[in-house]
Amino acid sequence: MNIVGIIPARMASSRFPGKPMADILGMPMIGHCLKRAQMSEILNDVFVATCDKEIFDYIENIGGNSIMTSKTHERASDRTAEAMLKIESLTRKKIDIVVLLQGDEPMTNSKMINLAVEPLLKDDSLSITNLYASICSIKEFEDPNEVKVVLDNNKNALYFSREPIPSRKKGVLNVTMYKQVCVIPFRRDFLLDYNKMHPTPLEIIESVDMMRVLENGIKIKMVHISENNCSVDTKDDLKKVIELMRNDKLIKTYL
Numbered sequence: 106m107n108i109v110g111i112i113p114a115r116m117a118s119s120r121f122p123g124k125p126m127a128d129i130l131g132m133p134m135i136g137h138c139l140k141r142a143q144m145s146e147i148l149n150d151v152f153v154a155t156c157d158k159e160i161f162d163y164i165e166n167i168g169g170n171s172i173m174t175s176k177t178h179e180r181a182s183d184r185t186a187e188a189m190l191k192i193e194s195l196t197r198k199k200i201d202i203v204v205l206l207q208g209d210e211p212m213t214n215s216k217m218i219n220l221a222v223e224p225l226l227k228d229d230s231l232s233i234t235n236l237y238a239s240i241c242s243i244k245e246f247e248d249p250n251e252v253k254v255v256l257d258n259n260k261n262a263l264y265f266s267r268e269p270i271p272s273r274k275k276g277v278l279n280v281t282m283y284k285q286v287c288v289i290p291f292r293r294d295f296l297l298d299y300n301k302m303h304p305t306p307l308e309i310i311e312s313v314d315m316m317r318v319l320e321n322g323i324k325i326k327m328v329h330i331s332e333n334n335c336s337v338d339t340k341d342d343l344k345k346v347i348e349l350m351r352n353d354k355l356i357k358t359y360l
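In the numbering used here, the protein residues as written are 106 to 360.
Shown next as structure tokens:
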């Protein structure tokens with residue numbers, strides 16, 4: 106089975122312009138994302154998909170694989186799909202599963218990737234999976250940059266929101282708090298089908314792409330991780346991640 110990781114990245118972030126190249130302990134953030142993804146034994150290859158020559162050149166210079174994509178993409182899934190088709194044309198080999206990885210989550214590791222992909226290898230009825238992790242503070246629970254998720258009894262996603270869900274305003278304060286972790290494996294054909302779907306009302310309201318999947322009646326199997334994974338949306342987030350990564354054991358293997 107051909108399983109490929111793709112990391113979409115662009116310099117034009119509205120909240121943090123240029124963040125893929127932001128320095129973390131001597132290496133641009135996108136470099137950390139690539140090097141750590143390459144450690145996954147379940148992935149046959151990893152590519153960075155970008156519309157920026159600066160990112161493309163950097164990845165090529167450190168021995169990685171990079172694919173140039175259109176500047177018009179608004180969503181990571183669109184950029185990932187274009188890159189997937191270009192990779193297939195380049196390698197002359199069809200991809201079975203594509204793992205959408207984030208270029209602003211430099212603490213993602215191979216264990217997370219492997220756990221996310223496993224359900225697709227075991228259950229042919231699944232089209233997509235997501236990771237999720239526990240939220241440990243009310244501040245994080247109320248942070249709109251964190252996408253919250255609630256699950257059914259079979260660990261499938263019921264709903265995603267940037268709002269705190271489930272509610273703590275109905276007299277029950279000790280609620281289960283989970284967040285989405287954006288390591289997202291798609292079956293190849295489902296990624297193409299997903300991008301053909303029109304944006305859905307709740308996807309737009311919540312500003313969460315995965316709502317499009319749920320609103321079309323497709324289940325998303327959720328896989329729990331215990332690792333502390335943080336996304337970099339702001340410069341303050343970058344400072345936090347730098348401190349967390351100072352004692353990261355993986356860094357010593359590639360820096």
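Note that CB positions come from ideal geometry on N, CA and C, so glycine has one too.
Bear in mind the structure is a predicted one, so any value in this text is a computation, not a measurement.
Quiz prompt | the ligand SAM heavy atom lying under 7 Å from the CB of L225 | solution = Although the ligand SAM was asked about, the structure shown includes no ligands whatsoever.
Quiz item: Should D209 go down as buried or exposed, given a rule of 16 or more other Cβ atoms within 10 Å for buried?
Solution: For this step, residue 209 is matched to residue 104 along the sequence shown. D209 should be labelled buried.
Quiz item: Taking the continuous alpha helix (DSSP H) assigned at T155, which residues delimit it?
Solution: Counted from its first residue, the sequence shown places residue 155 at position 50. Premise fails: T155 lies in the beta strand (DSSP E), 150–155, not in any alpha helix (DSSP H).
Quiz item: Which of the three DSSP states, helix, strand or coil, is assigned to N321?
Solution: For this step, residue 321 is matched to residue 216 along the sequence shown. If DSSP states are grouped into helix, strand and coil, N321 belongs with coil.
Quiz item: What is the residue span of the beta strand (DSSP E) that V253 lies within?
Solution: Start at 1 with the first residue of the sequence shown, and residue 253 comes out as number 148. Looking at the sequence provided, one finds Lys at residue 253 rather than Val. Where K253 is concerned, the enclosing beta strand (DSSP E) stretches over 253–256.
Exercise. Compute the beta-carbon to beta-carbon distance between I361 and T196, rounded to the nearest angstrom, for a pair I have assumed lies under 8 Å.
Key: As shown, the chain starts at 106 and ends at 360. That puts residue 361 outside it, with no answer to give.
Self-check item: Three-state secondary structure (DSSP) of D128
Solution: As a first step, residue 128 is located in the sequence shown; it is residue number 23 there, counting from the start. D128 falls in the strand class under three-state DSSP.
Quiz prompt | Spatial distance of I167 from K274 (CA atoms) | solution = Counted from its first residue, the sequence shown places residue 167 at position 62. Counted from its first residue, the sequence shown places residue 274 at position 169. Between I167 and K274, the alpha-carbon positions lie close to 50 Å from each other.
Practice problem: Assuming I325 contacts N235 (C-beta within less than 8 Å), just tell me the rounded distance between them. | Solution: As a position in the sequence shown, residue 325 is number 220, starting the count at 1. As a position in the sequence shown, residue 235 is number 130, starting the count at 1. In this structure I325 is in contact with N235, their Cβ atoms being roughly 5 Å apart against a cut-off of 8 Å.
Self-check item: N- and C-terminal bounds of the alpha helix (DSSP H) containing R184
Solution: Within the sequence shown, residue 184 is the residue found at index 79, counting from 1. That run of the alpha helix (DSSP H) goes 181–196.
Quiz prompt | Beta-carbon proximity of M327 to K260, cut-off 8 Å | solution = Locating residue 327 in the sequence shown gives position 222, where the first residue counts as 1. Locating residue 260 in the sequence shown gives position 155, where the first residue counts as 1. For the 8 Å CB-CB criterion, M327 and K260 form a contact.
Quiz item: Skipping 5 residues on each side, what residues in its chain have a beta carbon closer than 8 Å to that of T305?
Solution: Translated into the one-based positions of the sequence shown, residue 305 becomes position 200. Sequence-distant Cβ neighbours of T305 in its own chain, meaning closer than 8 Å and more than five residues away, are M316, R317, E320, N321.
Quiz item: Just curious, the beta strand (DSSP E) that T234 is in, first and last residue?
Solution: Walking along the sequence shown from the start, residue 234 turns up at place 129. Note, T234: beta strand (DSSP E), 234–239.
Self-check item: Alpha carbon of V151 to alpha carbon of S171, nearest angstrom
Solution: If you number the sequence shown from 1, residue 151 lands on position 46. If you number the sequence shown from 1, residue 171 lands on position 66. For V151 and S171, the gap between their C-alpha atoms comes out near 9 Å.
Practice problem: Closer than 8 Å by C-beta to R293: which residues in its own chain qualify, once you throw out the five before and the five after it? Chain order, please. | Solution: Indexing the sequence shown from 1 puts residue 293 at position 188. M189, K199, I200, D201, I202, V203.
Exercise. Identify whether P306 lies in helix, strand or coil by the three-state DSSP scheme.
Key: What you label residue 306 is simply residue 201 of the sequence shown in a count that begins at 1. DSSP places P306 in helix when its eight states are reduced to three.
Quiz item: Taking only beta-carbon atoms, is K275 less than 8 Å away from chain C?
Solution: Protein chains in the displayed structure number just one, and chain C is not present.
Self-check item: Cβ contact (3+ pairs, closer than 8 Å) linking the stretch 209–223 and the stretch 127–146
Solution: The stretch 209–223 vs the stretch 127–146: in contact.
Quiz item: Do you know offhand how far G169's Cα is from L139's?
Solution: Counted from its first residue, the sequence shown places residue 169 at position 64. Counted from its first residue, the sequence shown places residue 139 at position 34. So the two alpha carbons sit approximately 8 Å from each other.
Quiz item: For V204, which residues does DSSP report across the bridge?
Solution: On the sequence shown, position 99 is the one that residue 204 refers to. Beta-bridge partners assigned by DSSP to V204: G110, P290.
Exercise. Could you tell me whether the Cβ atoms of A114 and I160 are closer together than 8 Å?
Key: Within the sequence shown, residue 114 is the residue found at index 9, counting from 1. Within the sequence shown, residue 160 is the residue found at index 55, counting from 1. In this structure, I160 lies closer than 8 Å to A114 by Cβ.
Self-check item: For I333, the three-state DSSP class (helix, strand or coil)
Solution: On the sequence shown, position 228 is the one that residue 333 refers to. Checking the sequence shown, residue 333 turns out to be Asn, not Ile. The answer is coil: DSSP assigns N333 none of H, G, I, E or B.
Exercise. Kindly confirm or deny that the stretch 249–264 and the stretch 346–354 touch, where touching means at least three C-beta pairs closer than 8 Å.
Key: No: the two stretches stay apart, fewer than three of their Cβ pairs being nearer than 8 Å.
Quiz item: So is D257 buried or exposed if we call it buried at 16+ other beta carbons inside 10 Å?
Solution: Indexing the sequence shown from 1 puts residue 257 at position 152. So D257 ends up on the exposed side.
Practice problem: Kindly indicate which residue of C335, F295, Y237 has the alpha-carbon position closest to the one of E348. | Solution: Within the sequence shown, the letter at position 243 stands for residue 348. Of C335, F295, Y237, the residue nearest in Cα terms is C335.
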